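S.K.:
Residue numbers (my numbering): 2 to 82.
1) Just the C-alpha distance for residue 17 and residue 9, rounded to the nearest angstrom, thanks.
2) Can you give the beta carbon distance from residue 56 to residue 80, rounded, assuming they're within the 8 angstroms contact cut?
3) Whose C-alpha, out of 46, 38, 44, is nearest the C-alpha of residue 52?
4) Apply the 10 Å Cβ neighbour rule to residue 25 and answer buried if 16 or more other Cβ atoms are within range, or exposed otherwise.
5) At which residue ranges does the segment 13 to 58 contain complete beta strand (DSSP E) runs of 3 or more residues, listed in the order of the chain?
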């Protein structure tokens, strides 16, 4: 099993708040990220998106950036599709 480090920001407009605005949690994001079905590159933002199901069965898009140097996932947002 792969290990990932996540960069979470609890600033007022940080990624935790952006995800919460869509009714999701950091645990939801991490679950989808680690158990995804499909990964695509967004044509509009040029960010990576992983699609998958949360532990409670919601189908979610998890948008992120990848820092290869620090081996860190930088979550941008997540939302149900």
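The beta-carbon is built from N, C-alpha and C at its ideal position, and this holds for glycine as well. These figures come from a predicted structure and were not determined experimentally.
M.R.: With the given structure in hand:
1) Each residue's alpha carbon lies about 6 angstroms from the other.
2) With a Cβ gap of about 17 angstroms, residue 56 and residue 80 do not count as contacting.
3) 38
4) Under the 10 Å beta carbon count, residue 25 is surrounded by 16 or more other beta carbons and is classified as buried.
5) Counting whole runs of 3 or more residues, the segment 13 to 58 contains the beta strand (DSSP E) stretches 39 to 42, 49 to 54.
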